[in-house]
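The numbering of the sequence shown is the working numbering, which starts it at 887 and goes up by one. The beta carbon of each residue, even a glycine, is placed where N, CA and C say it ideally should be. Note that the structure is a prediction, hence the values are computed from the model and not measured.
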Amino acid sequence: MFQSIYVRKSQGKQFIADPRQANPPGFRGKPVIDVVPCMLDCRRCVDVCPSEAIALNPVQIDLGRCVLCGDCELVCPSQKLSFSPDFRLASTSRDALTVSTARPNIDPIKVSAELHKRFGRSLKLRSVSAGGCNGCEMEINALGNVNFDLGRYGIDIVASPRHADALVLSGPISQNMAGALQMCWDAMPEPKILIAAGACAISGGVFAHSEALDRSFLNNVAPALYVPGCPVHPLTFITGILDLLGIPS
Ligand code: SF4
Ligand code: SF4
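If you want it as structure tokens, here you go:
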């Protein structure tokens, strides 16, 4: 018993006390696009980007597509592109995920009074991997570990869609998973929301042009929250959902 107490004491508190105030070293987060001009006819960033996330004239990065690989920063001869450690990337609007010099920040999430009233004290999540690589799925799984401890906010992942309030979609939605995704959504009771987690779920990511995808589900169901990343980071997910539901840290 004394050994167990010693181990607990030596480990200290492992949970992140306030995820909104976390400062993970080396985090590659929100892109920063400097005002310096591009070199004439340069399009190295566009050419190197694996997910067609960059547009030119003016330079802008779509975080719904960006996999945060950092390659554009490395190849840019003008040092126009860099990445801040800001992990608060989630948004309720797909359009708000595009950053540029003129629009350097992602719009802050507006607290939904309706969602706060319904789910502010309890939100059950059903995770569906629709052709994901298991990167986002591992990070979603980490939401419940001792570091992130999402359960302290009354937010848990459940095994059955019948018990779920929100479907957390990861992966680009392969044809093989399209039917299962629709069945899961149909099995969830109202009211319910969709959370798109990761570049694949938001835009198809690096698989956007694959013929093996069937993203028609998203023609009928609009995500209430978009959480960029590849994979999505637990801090990005937690701060996004806390902001959406108006839950204090
Ligand atoms: S960091 Fe994002 S925008 Fe830059 S090359 Fe990688 S995927 Fe493209
Ligand atoms: S967004 Fe990246 S980590 Fe997540 S499923 Fe797609 S490829 Fe994997």
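Per DSSP, the bridge partner or partners of Q965: Answer is none; Q965 lacks a bridge partner.
Distance between beta carbons of A976 and V1107, contact taken as under 8 angstroms: At roughly 18 angstroms, the Cβ-Cβ gap does not stay under 8 angstroms, so V1107 and A976 are not in contact.
V1014 beta carbon near ligand 2 (any heavy atom closer than 7 angstroms): no
Check whether V1032 and Q907 have beta carbons under 8 angstroms apart: no
Sub-8 angstroms separation of L983 and G1021 beta-carbons: no
Start and end residues, alpha helix (DSSP H) containing Y892: 888-897
Rounded distance between the beta-carbons of K1010 and D1035, thought under 8 angstroms: Their Cβ separation, rounded to whole angstroms, is 16 angstroms, which puts D1035 and K1010 out of contact at 8 angstroms.
Distance cut-off 7 angstroms: P1109 Cβ against heavy atoms of ligand 2: no
DSSP state of D948 mapped onto helix, strand, coil: strand
Collapsed DSSP secondary structure at D1129 in the structure displayed: helix
DSSP beta-bridge partners of K1010: D1042
Residues sharing a beta bridge with P917, DSSP: F969
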